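Peer 1:
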Amino acid sequence: MNPDNVTPDDILCDYCGTPAWANDTPCVEGHQGSIICGKCLTVAYELVVNQKHRVETEDQCRMCLEHRDENGWQGAFEPVATICVRCVKQASGALNKSKHWDWVKPSES
7 MNPDNVTPDD ILCDYCGTPA WANDTPCVEG HQGSIICGKC LTVAYELVVN
57 QKHRVETEDQ CRMCLEHRDE NGWQGAFEPV ATICVRCVKQ ASGALNKSKH
107 WDWVKPSES
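Numbering-wise (the working numbering), the sequence shown opens with residue 7 and increments by one.
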């Protein structure tokens, strides 16, 4: 990546490595340019909110840069990125309300 000429192909989801902007995939930006794509957010929401499945890690959340006792979900892309429960809920709320993306929160089972 050329920092003087960033292109949409350079903007990757921190959780799966997909070039979200280049693929016109719904995504939410966190602190310091972190990105979670709609596909990863769907998986995270389903596991963290609907199924109450949480990971235990000392890593900080890639989206808010904070460490929380209630960690949420980790992606599969190296280096592994963690997203906290609060950020899963905030990002899903933002994406669900967005007029730019056709994304809805996964329904509760």
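Each residue gets a CB set at the ideal place from its N, CA and C atoms; glycine is no exception.
This one's a predicted model, so the numbers in the text were calculated from it and none came from an experiment.
#1: Can you list, in chain order, the residues of its chain with a C-beta nearer than 7 angstroms to that of lysine 58? Leave out the 5 residues immediately preceding and following it.
#2: Run through the DSSP bridge pairs and tell me what tryptophan 79 is partnered with.
#3: Can you give, in chain order, each stretch of the beta strand (DSSP E) that sits fully within the stretch 30-57 and has at least 3 residues?
#4: Check whether the stretch 88-98 touches the stretch 64-72, counting contact only when three or more Cβ pairs, one atom from each stretch, lie closer than 8 angstroms.
#5: Assuming tryptophan 107 and proline 32 are in contact, meaning their beta carbons sit under 8 angstroms apart, how far apart are those beta carbons, in whole angstroms?
#6: Using CA coordinates, which residue listed in Gln38, Val34, Val55, Gly39 is at the minimum distance from lysine 45?
Peer 2: In short:
#1: none
#2: Ile89
#3: 33-35, 41-43
#4: yes
#5: 4 angstroms
#6: Val34
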